[in-house]
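**Student:** Residue numbers (my numbering): 2 to 255.
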Amino acid sequence: MTQTLIQQLRSERPLIHNITNAVVMNYTANGLLALGASPIMSNAVEEAGDVARLADGLLLNIGTLNEHQVEAMLEAGKAANEAGVPVVLDPVGVAATSYRAEACRKILSTVNVDVIKGNAGELAFLAGEKVETKGVDSGEASNTEEIVLKVSEVYQTMAVCTGKTDVVGYNGEIFKNDTGHEWLSKVTGSGCLLGAVLTAFLSLPGDRVVNVQTGLYYFGKAAEHAASLPHVSGSGTFVPAFIDALGAEEEVGR
Numbered sequence: 002m003t004q005t006l007i008q009q010l011r012s013e014r015p016l017i018h019n020i021t022n023a024v025v026m027n028y029t030a031n032g033l034l035a036l037g038a039s040p041i042m043s044n045a046v047e048e049a050g051d052v053a054r055l056a057d058g059l060l061l062n063i064g065t066l067n068e069h070q071v072e073a074m075l076e077a078g079k080a081a082n083e084a085g086v087p088v089v090l091d092p093v094g095v096a097a098t099s100y101r102a103e104a105c106r107k108i109l110s111t112v113n114v115d116v117i118k119g120n121a122g123e124l125a126f127l128a129g130e131k132v133e134t135k136g137v138d139s140g141e142a143s144n145t146e147e148i149v150l151k152v153s154e155v156y157q158t159m160a161v162c163t164g165k166t167d168v169v170g171y172n173g174e175i176f177k178n179d180t181g182h183e184w185l186s187k188v189t190g191s192g193c194l195l196g197a198v199l200t201a202f203l204s205l206p207g208d209r210v211v212n213v214q215t216g217l218y219y220f221g222k223a224a225e226h227a228a229s230l231p232h233v234s235g236s237g238t239f240v241p242a243f244i245d246a247l248g249a250e251e252e253v254g255r
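This is the structure:
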């Protein structure tokens with residue numbers, strides 16, 4: 002199933018509209034290109050709706066927010082909903098400031114989001130639980146399964162909690178993924194790239210839960226493969242090897 006979906010993705014080359022943070026644009030675009038998708042990095046309010054209608058998937062990432070970007074996200078999200086384009090929300094550091102929390106609230110009250118992807122602290126905050134934060138890095142939570150199910154129920158969406166074990170909650174069910182490597186947590190923007198990768202897999206036809214699970218599995222396997230290479234000795238050498246692995250052939254996804 003994994004290889005079939007990857008081959009389909011590379012055949013269809015879905016156009017993924019990224020309204021994302023300034024820190025990760027290059028990394029995200031290169032990761033999507035390696036995977037086989039086609040990225041467009043557009044933050045302009047003036048074209049947000051038009052680009053979203055043309056796209057096969059839309060990622061909204063609140064990592065480096067400003068007023069104009071929030072407006073662009075709302076316009077793109079509404080257009081994507083009208084066009085039937087799937088939307089992924091990455092609430093980066095949502096608990097860090099009231100501005101981020103309010104922006105996220107506006108997005109979730111205006112746009113029908115297909116997937117909310119975040120770490121345990123971010124999702125716990127959306128579920129109404131108290132979490133400790135340090136900048137955009139949110140604290141951990143012990144009841145991850147309960148949190149993803151609550152987020153899924155409250156926002157009527159699929160909830161993906163990333164961590165050592167990724168946990169997906171949807172329609173009262175829990176799914177888990179154990180692939181990955183610790184060096185992903187040492188590279189700025191790896192979680193943001195994962196959001197874009199999940200958007201690409203979500204754009205494919207078929208069962209969306211299966212597509213998201215496949216995206217999580219493949220992303221983690223690519224990280225494992227990259228970290229296993231003899232010339233990779235830390236996060237600096239890991240990044241290019243990981244990008245290569247996202248575009249590699251069958252052995253990575255098996």
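Glycine is no exception: its CB is placed at the ideal position from the N, C-alpha and C atoms.
Between which residues of its own chain and residue 107 is the CB-CB distance below 8 Å, once the five residues before and five after are set aside?
**Tutor:** These residues qualify, in order along the chain: 71, 75.
**Student:** Counting only the same chain and skipping the five closest in sequence on each side, list residues whose C-beta sits under 6 Å from that of residue 246.
**Tutor:** For residue 246, where only same-chain residues beyond five positions count, the Cβ hits under 6 Å are 223, 226, 227, 253.
**Student:** Does residue 189 pass the burial test, meaning 16 or more other C-beta atoms within 10 Å, or should it be called exposed?
**Tutor:** By the neighbour-count rule (16 or more Cβ atoms within 10 Å), residue 189 is not buried but exposed.
**Student:** With a floor of 3 residues, list each beta strand (DSSP E) that falls wholly inside the region 161-215, ordered by position along the chain.
**Tutor:** Listed in chain order, they are 167-171, 174-178.
**Student:** Counting Cβ pairs closer than 8 Å, one from the region 45-52 and one from the region 60-68, do we hit at least three?
**Tutor:** Flag = no, the region 45-52 and the region 60-68 do not touch.
**Student:** What separation, rounded to the nearest whole angstrom, lies between the Cα atoms of residue 26 and residue 39?
**Tutor:** When rounded, the distance between both Cα atoms is 13 Å.
**Student:** Could you say if the region 198-206 and the region 81-97 meet the contact criterion of at least three C-beta pairs nearer than 8 Å?
**Tutor:** Yes: at least three Cβ pairs fall under 8 Å.
**Student:** For residue 214, is the classification buried or exposed, using 16 other Cβ atoms within 10 angstroms of its Cβ as the cut-off for buried?
**Tutor:** The residue in question, residue 214, is buried, as its Cβ has 16 or more Cβ neighbours within 10 Å.
**Student:** Tell me which residue opens and which closes the alpha helix (DSSP H) that residue 12 is part of.
**Tutor:** Element bounds for residue 12: 3-13.
**Student:** Would you report the Cα separation of residue 21 and residue 162, rounded to the nearest angstrom?
**Tutor:** When rounded, the distance between both Cα atoms is 19 Å.
**Student:** Helix or strand or just coil, what does DSSP make of residue 63?
**Tutor:** Reduced to three states, the DSSP call for residue 63 is coil.
**Student:** Can you give me the Cβ contacts of residue 238 inside the same chain, cut-off strictly under 8 Å, excluding the 5 residues immediately before and after it?
**Tutor:** Cβ neighbours of residue 238 beyond the five flanking positions: 232.
**Student:** Where does residue 155 fall in DSSP's three states?
**Tutor:** Correct three-state label for residue 155: helix.
**Student:** Going by C-alpha to C-alpha distance, which of 129, 65, 208, 194 sits closest to residue 221?
**Tutor:** Ranking 129, 65, 208, 194 by Cα distance to residue 221 puts 194 first.
**Student:** Under the three-state reduction of DSSP, which class applies to residue 241: helix, strand or coil?
**Tutor:** Reduced to three states, the DSSP call for residue 241 is helix.
**Student:** Return the CA-CA distance between residue 105 and residue 183, expressed in angstroms with no decimal places.
**Tutor:** Roughly 28 Å between the two C-alpha positions.
**Student:** I'd like the span of the beta strand (DSSP E) that includes residue 119, first residue to last.
**Tutor:** Counting along the chain, the beta strand (DSSP E) containing residue 119 begins and ends at 116-120.
**Student:** Just grab the DSSP bridge partners of residue 18 for me.
**Tutor:** Looking at the DSSP assignment, residue 18 forms a beta bridge with 41, 59.
**Student:** Roughly how many angstroms separate the alpha carbons of residue 77 and residue 52, rounded to a whole number?
**Tutor:** Near 8 Å, if we compare the C-alpha coordinates of residue 52 and residue 77.
**Student:** Excluding the 5 residues flanking residue 57 on each side, which residues of the same chain have their C-beta closer than 6 Å to its C-beta?
**Tutor:** Here the set comprises 15, 16, 204.
**Student:** Is residue 89 helix, strand or coil when you go by DSSP?
**Tutor:** In this structure, residue 89 counts as strand in the three-state DSSP scheme.
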